[in-house]
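Written out below as structure tokens is the structure these notes cover.
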Amino acid sequence: MAGKPVLHYWDARGRMECIRWLLAAAGVEFEEKFIETPADMEKLIKDGRLMFQQVPMVEIDGMTLVQTRAILNYIATKYDLYGKDAKERALIDMYTEGIVDLSEMIKQLVICPPDQREAKISLVKDKTKNRYLSAFEKVLKSHGQDYLVGNRLTRVDIHLLEVLLYVEEFDSSLLDPFPLL
Amino acid sequence: MCETTVAAMAGKPVLYYWDARGRMECIRWLLAAAGVEFEEKFIETPADMEKLIKDGRLMFQQVPMVEIDGMTLVQTRAILNYIATKYNLYGKDAKERALIDMYTEGILDLSEMMLQVVISLPEQREAKISLVKEKTKNRYLPAYEKVLKSHGQDYLVGNRLTKVDIHLLELLLYVEELDSSLLAPFPLLKALKSRISSLPNVKKFLQPGSQRKPPPDMKRIEEARKAFKF
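Sequence lines, in order, name chains R and D. Each step along the first sequence adds one to the number in UniProt numbering, with nothing skipped, and position 99 is 99. Each step along the second sequence adds one to the number in UniProt numbering, with nothing skipped, and position 206 is 206.
See the structure below:
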């Protein structure tokens, strides 16, 4: 009741981690209620707090929000991390969606059964480098600024940092060809 | 960085995609609902796709891509959000936007499941169709019926038309195509479907001859699958 956002999720990164990152980057203290048993999940559902019976769910400013993007967009707007106008927002959204796709691809690999993993690894590495990292390096090269959009910190810089750390965890050599990243 | 087509310079958005619904259809709907004329350049061969990529116009080598207001945008949500903001279909403040986003994301999740049915291999299709029907009936339609019931208004958010009403109408039409009995238990959704369909711009888009795309033709999908390797 102190006004802090409350995050409902498992004690894991999953789809909540990007939200934790954004709140932290904005300097916002938050609380977490971890789902530990199926009964915890059933209770949230039974209490009607999960619009689509799914988490992440965040209680913030009197709202009970689900859907990662809805939550991120609200936080970014509230803490002025969403650019200065619609065109900046369009770039932020475009870059963010690419980052989400890249994160998803790496995540899928991590949870992939070991026998299928080997085959997928080289595809993931190829896309990471040639589709995603090169695209973001190109953005930075194009304007030479310290931030991806609008010459100041926005949410997409935070999303990008987070995914670069995951890329590094996966295979740090993937970052080698990208000095600006 | 990228050539601006004549159409784009004339002010009309230009949409790049296959001549199919896919991930572009929701964008067509939103532009149409906003009363915005747009042009389309259809990808017909792998060479068309390769050219777009080689010309550096697709940030992640993917479509949809839309040229609008001097920008070359990819990523469906980025495009939708920009259009919605520009044409004042995104609510009046951050809290309305949060509801719009939350509701939109649910619609996109179900739409994605429906898209997976279309592009899945024939042997997987039956199982995926069952999943879609089950989620439609038990998860998604009840959630939106509940929203409408909670405030009794004609639109999902803020008592006026926003992007999410258009997204929902589009979805309800696909649900109807899949199995019209799925809508039967949801009177408020049926009423919304009727109301939004009657809005002038929407009504026009629903007429034959508009840029709305027909249901997928499985034969064409299989041909595209071979050509574009998905």
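Where is the CB? At the ideal position from N, CA and C, for every residue including glycine.
Determine whether the Cβ of residue i lies closer than 8 Å to any Cβ atom of chain R.
| i | result |
| --- | --- |
| residue 105 of chain D | yes |
| residue 85 of chain D | yes |
| residue 3 of chain D | Its pLDDT being 49, under 50, residue 3 of chain D is placed unreliably by the model, and the measurement read from it follows with that caveat. No - not a single Cβ of chain R is within 8 Å of the one on residue 3 of chain D. |
| residue 78 of chain D | yes |
| residue 143 of chain D | yes |
| residue 139 of chain D | yes |
| residue 131 of chain D | no |
| residue 153 of chain D | no |
| residue 207 of chain D | no |
| residue 164 of chain D | no |
| residue 74 of chain D | yes |
Any beta carbon from chain D within less than 8 Å of residue i's own beta carbon?
| i | result |
| --- | --- |
| residue 93 of chain R | yes |
| residue 116 of chain R | no |
| residue 52 of chain R | yes |
| residue 166 of chain R | no |
| residue 63 of chain R | yes |
Residue i touches chain R at which residues, Cβ-Cβ below 8 Å?
| i | result |
| --- | --- |
| residue 81 of chain D | 89, 90 and 93 |
Mind listing the chain R neighbours of residue i? Cutoff is C-beta to C-beta under 7 Å, in chain order.
| i | result |
| --- | --- |
| residue 59 of chain D | 94, 98 and 135 |
Can you give me the C-alpha to C-alpha distance between residue i and residue j, rounded to a whole angstrom?
| i | j | result |
| --- | --- | --- |
| residue 126 of chain D | residue 183 of chain D | 20 Å |
| residue 40 of chain D | residue 54 of chain D | 20 Å |
| residue 130 of chain D | residue 75 of chain R | 36 Å |
| residue 5 of chain R | residue 29 of chain R | 8 Å |
| residue 120 of chain R | residue 36 of chain D | 42 Å |
| residue 11 of chain D | residue 83 of chain D | 13 Å |
| residue 191 of chain D | residue 102 of chain D | 22 Å |
| residue 99 of chain R | residue 139 of chain D | 28 Å |
| residue 46 of chain D | residue 145 of chain R | 36 Å |
| residue 30 of chain D | residue 167 of chain D | 8 Å |
| residue 25 of chain R | residue 101 of chain R | 22 Å |
| residue 186 of chain D | residue 142 of chain D | 7 Å |
| residue 171 of chain R | residue 115 of chain R | 19 Å |
| residue 154 of chain D | residue 53 of chain R | 25 Å |
| residue 234 of chain R | residue 47 of chain R | Because residue 234 of chain R is not part of the residues shown, which for chain R are 1 to 181, the question remains open. |
| residue 145 of chain D | residue 157 of chain D | 13 Å |
| residue 73 of chain D | residue 165 of chain R | 26 Å |
| residue 18 of chain D | residue 69 of chain D | 22 Å |
| residue 123 of chain R | residue 197 of chain D | 44 Å |
| residue 81 of chain D | residue 40 of chain R | 34 Å |
| residue 175 of chain D | residue 25 of chain D | 15 Å |
| residue 2 of chain D | residue 169 of chain R | The pLDDT assigned to residue 2 of chain D is 47, lower than 50, so where the model puts this residue is not dependable, and the model offers no usable value. |
| residue 80 of chain R | residue 88 of chain R | 12 Å |
| residue 35 of chain R | residue 110 of chain R | 21 Å |
| residue 58 of chain R | residue 161 of chain D | 26 Å |
| residue 180 of chain D | residue 31 of chain R | 44 Å |
| residue 178 of chain R | residue 137 of chain R | 6 Å |
| residue 14 of chain D | residue 206 of chain D | 20 Å |
| residue 51 of chain R | residue 63 of chain D | 30 Å |
Given that residue i touches chain D, what residues does it touch there, using C-beta distances under 7 Å?
| i | result |
| --- | --- |
| residue 66 of chain R | 102 |
| residue 86 of chain R | 82, 85 and 86 |
So residue i packs on residue j, CB below 8 Å; how close in whole Å?
| i | j | result |
| --- | --- | --- |
| residue 33 of chain D | residue 213 of chain D | Not quite, the Cβ-Cβ distance comes to about 15 Å (not below 8 Å), so this is no contact. |
| residue 216 of chain D | residue 118 of chain D | 5 Å |
| residue 158 of chain R | residue 21 of chain R | 5 Å |
| residue 155 of chain R | residue 72 of chain R | 7 Å |
| residue 100 of chain D | residue 163 of chain D | 6 Å |
| residue 135 of chain D | residue 110 of chain D | 6 Å |
| residue 90 of chain D | residue 97 of chain D | 6 Å |
| residue 149 of chain R | residue 83 of chain R | 6 Å |
| residue 57 of chain D | residue 65 of chain D | 6 Å |
| residue 204 of chain R | residue 133 of chain R | Residue 204 of chain R falls outside the range modelled here, since chain R spans only 1 to 181, and no answer is possible. |
| residue 105 of chain D | residue 69 of chain R | 6 Å |
I want to verify the contact list: residues of chain D whose CB lies under 9 Å from the CB of residue i, in sequence order.
| i | result |
| --- | --- |
| residue 70 of chain R | 97, 98, 99, 100, 101, 102, 103, 104 and 105 |
| residue 73 of chain R | 81, 94, 97, 98 and 101 |
Listing by chain order, which chain D residues have their CB less than 8 Å from the CB of residue i?
| i | result |
| --- | --- |
| residue 77 of chain R | 94 and 97 |
| residue 131 of chain R | 60 and 61 |
Taking residue i as the query, report the chain C residues whose CB atoms sit under 7 Å from its CB, ordered along the chain.
| i | result |
| --- | --- |
| residue 71 of chain D | The structure shown contains no chain C; its protein chains are R and D. |
| said: With three or more beta-carbon pairs closer than 8 Å as the criterion, would you say the stretch 84-104 of chain R touches the stretch 70-77 of chain D? | reply: yes
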